Amino acid sequence: MEHRARHQFESGACRHCGLVPLVDLLRKRALVVADSKAMRATLRRAARFASSSAPVAIFGESGTGKEVVARVLHTNSPRALKPFVAINVAALPTELLESELFGHARGAFTGAHRERQGLFEEANGGTLFLDEIGEMPLPLQAKLLRALQGGEVRRVGGAHSFAVDVRVVSATHRDLPALVKAGTFREDLLYRLKVLTLRVPPLRERPEDILVLARHFLDAEGSESQGFSRAAEQVLTAHSWPGNVRELANAVQHGAALANGEPIEPEHLPEELLGAVASRPVGKIRGLKTLAEVERAHILEVLEACSGSVAEAARALDIGRNTLWRKLKQLE
Ligand SMILES: Nc1ncnc2c1ncn2[C@@H]1O[C@H](COP(=O)(O)OP(=O)(O)OP(=O)(O)O)[C@@H](O)[C@H]1O
Ligand SMILES: [Mg+2]
């Protein structure tokens, strides 16, 4: 059955993908857009993991929606009414991160005037989301491993351990096995964290999501904007989105601000989106597309029509799958 951009709820769950997604209760709209086969597969897999308490590791490039998927896991789990606590592991120096995660006893270090519970305790009964886990310093990795193995945490400088019931979901854009090889990530922790795994595909692997996401963000802007012109839509679908969904959200915000209530045109979008087209006009006659641009747009259009399936798209284009892969790589 065709899954529309908007989930359709029946007794709380989407009748197409079975998920109970994040919902904006005021506007009764799902906050996760997933029209592409690839993203729907990731969400379906997440739905299957939701009832377990086993750790989940989410892999994917920056800005693909790893945190969004982590929240979906939580809202679909029996832990949904308990806290979802998120922390970016890369954002804090080691000592601060340790007391943030595990809490500290009074007088544990200079400035620790009061005892304080850590995020593990705060997330008790719920989900703790550890973003950018690849950046966790080695000494803390040992402590995290102990907490995962024993289900107990000890505050910094504390005399007792507390039992905690926390589901740990971690995420990274890094290649963890490579970090293990380089000696900066513990192999035993990696296996403990990735009992279950999810991959959030980059936006260029799911071009069908680009325009639905763009409309979703424009809607969320709440601006008077009249949508996107055909030309702006073409610019959006032709871009390779190295910054993924976050880059798209920013581009839409930029467009809405400049369009001022009129339909969003290419010139309202950030320059780097047009850059690929504008900075290549060597020997190009104004207004005429180069062969590379036409090929790129056509490939993306065919891919979209084939729901992102490279095999099907290659058949439709009557070229080999490897040739298409090579061309797709050049689009990146
Ligand atoms: N499928 C989606 N539907 C709606 N919004 C999305 C979707 N995916 C991502 N977003 C939005 O895009 C932005 C980036 O998503 P998110 O923070 O989850 O990415 P991330 O993979 O955790 O990025 P990073 O690696 O940089 O931490 C957020 O504002 C999020 O709400
Ligand atoms: Mg994130």
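Numbers 708 to 1039, taken from this note's numbering, label the letters of the sequence shown in order. All C-beta atoms, glycine included, are put in the ideal place defined by N, C-alpha and C. If you're wondering where the values come from, they're calculated on a predicted model, not measured in any experiment.
Of LEU1010, GLU954 and SER936, the smallest CA-CA separation from GLU974 is found for SER936. Cβ neighbours of LYS789 within its own chain (closer than 7 Å, five residues either side excluded): GLY832 and GLY833. If you check the C-beta of VAL740 against ligand 1, you find a heavy atom less than 7 Å away. Only residues of its own chain outside the window of five on either side were considered, and among them ILE917, LEU918, ALA921, PHE935, LEU955, ALA958, LEU976 and LEU980 have a CB closer than 8 Å to the CB of LEU943, listed in chain order. Between LEU847 and the set ARG751, LEU896 and GLY1015, the nearest pair of CA atoms involves LEU896. Under a 10 Å Cβ-count criterion, ARG911 is classified as buried, with 16 or more other Cβ atoms of the shown protein chains found around its own Cβ.
The DSSP-derived three-state label of HIS880 is coil. Ranking ALA812, LEU965 and MET746 by CA distance to the CA of GLY864 puts ALA812 first. When DSSP reads this structure, HIS811 sits in a beta bridge with ARG823 and VAL863.
In this structure, SER743 lies near ARG913, with their beta-carbon atoms less than 8 Å apart. Just measuring C-alpha positions, the residue of SER769, SER759, GLY929 and LEU1035 sitting nearest ARG786 is SER759. Comparing alpha carbon positions, the residue from VAL860, GLY767 and GLU915 closest to ILE840 is GLY767. Cβ contact annotation for ALA878 (same chain, cutoff 6 Å, sequence separation greater than five): ILE765, LYS773 and ASP838, in chain order. Here the distance from the Cβ of THR891 to the nearest heavy atom of ligand 1 is not below 7 Å.
Straight-line measurement puts the Cα of LYS850 at about 18 Å from the Cα of VAL763. For LYS901, the CB stays at least 7 Å from every heavy atom of ligand 1. Under the DSSP definition of a beta bridge, LEU903 partners with VAL763. DSSP lists LEU837 as the beta-bridge partner residues of ILE794.
Counting along the chain, the unbroken beta strand (DSSP E) around PHE869 starts and ends at 868-870. Between ARG862 and GLY810, the CB-CB gap stays under 8 Å. Judged by DSSP in its simplified three-state form, ILE971 adopts strand.
If you draw a straight line from the Cα of GLU842 to the Cα of ASP882, it comes to about 11 Å.
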